[in-house]
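Last residue of the sequence shown? That's 104 in my numbering, and every number before it is there in order.
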Amino acid sequence: MTEGKTTSKQSAEEIAKKLRAELRANFDAVAKTPEGKKVLRWIMNYSGYGKTSMIMNPSTCEINTIGVVYNEARKDVYYAIRRLLSPNFVNEIEKMEE
7 MTEGKTTSKQ SAEEIAKKLR AELRANFDAV AKTPEGKKVL RWIMNYSGYG
57 KTSMIMNPST CEINTIGVVY NEARKDVYYA IRRLLSPNFV NEIEKMEE
């Protein structure tokens with residue numbers, strides 16, 4: 007019975023790996039086009055990638071923790087996409103002129 011669970015787990019891992027590879031290929035297909043690069047660049051900028059997540063009240067120097075968590079969650083969208091793109095596309099997108 008243990009072997010069945012191992013096989014099921016391996017099958018789930020293999021399926022996840024296959025889906026991730028397919029998703030990576032889809033993102034790379036988008037990144038190959040000039041329009042796709044522009045959209046991915048927009049997502050990068052909109053997510054706040056490369057910017058501070060810190061939000062502080064200048065009067066009290068109190069940190070807005072909810073705002074910080076929100077900014078980090080927003081950045082995570084681009085980080086997830088970035089992990090799926092091939093490194094050469096990441097470099098092209100992040101070095102693009104505005």
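Cβ atoms here follow ideal geometry from the backbone N, Cα and C, with glycine treated the same way.
These numbers were taken from a predicted model, which means no experiment stands behind them.
Cutoff 8 Å; reference residue i; Cβ partners in own chain excluding five residues on either side
i, result
"Val36", "Gly42, Val45, Leu46"
"Asn70", "Ile61, Met62, Asn63"
Member of the options whose CA lies at the smallest distance from the CA of residue i
i, options, result
"Glu103", "Ser92, Asn63, Asn51", "Asn51"
"Arg80", "Lys24, Ser17, Phe33, Met60", "Met60"
"Tyr85", "Ser65, Gly56, Val75", "Gly56"
Same chain, Cβ closer than 6 Å to residue i, neighbours up to 5 away in sequence not counted
i, result
"Asn77", "Gly54, Ser59"
"Glu68", "none"
Counterpart residues of residue i in DSSP-defined beta bridges
i, result
"Lys69", "Correcting the residue identity first, residue 69 is Ile in this sequence and not Lys. Met62."
Through-space distance from residue j to residue i, alpha-carbon basis
i, j, result
"Leu25", "Lys101", "29 Å"
"Val96", "Ile21", "26 Å"
"Arg30", "Ile72", "32 Å"
"Ile87", "Ile99", "12 Å"
"Asp82", "Val74", "12 Å"
"Ser92", "Thr66", "44 Å"
"Trp48", "Ala27", "24 Å"
"Pro40", "Asn94", "14 Å"
"Ser17", "Lys23", "10 Å"
Beta-carbon contacts of residue i that lie in its chain and below 7 Å, excluding the five residues immediately before and after
i, result
"Leu90", "Leu29, Arg30, Phe33"
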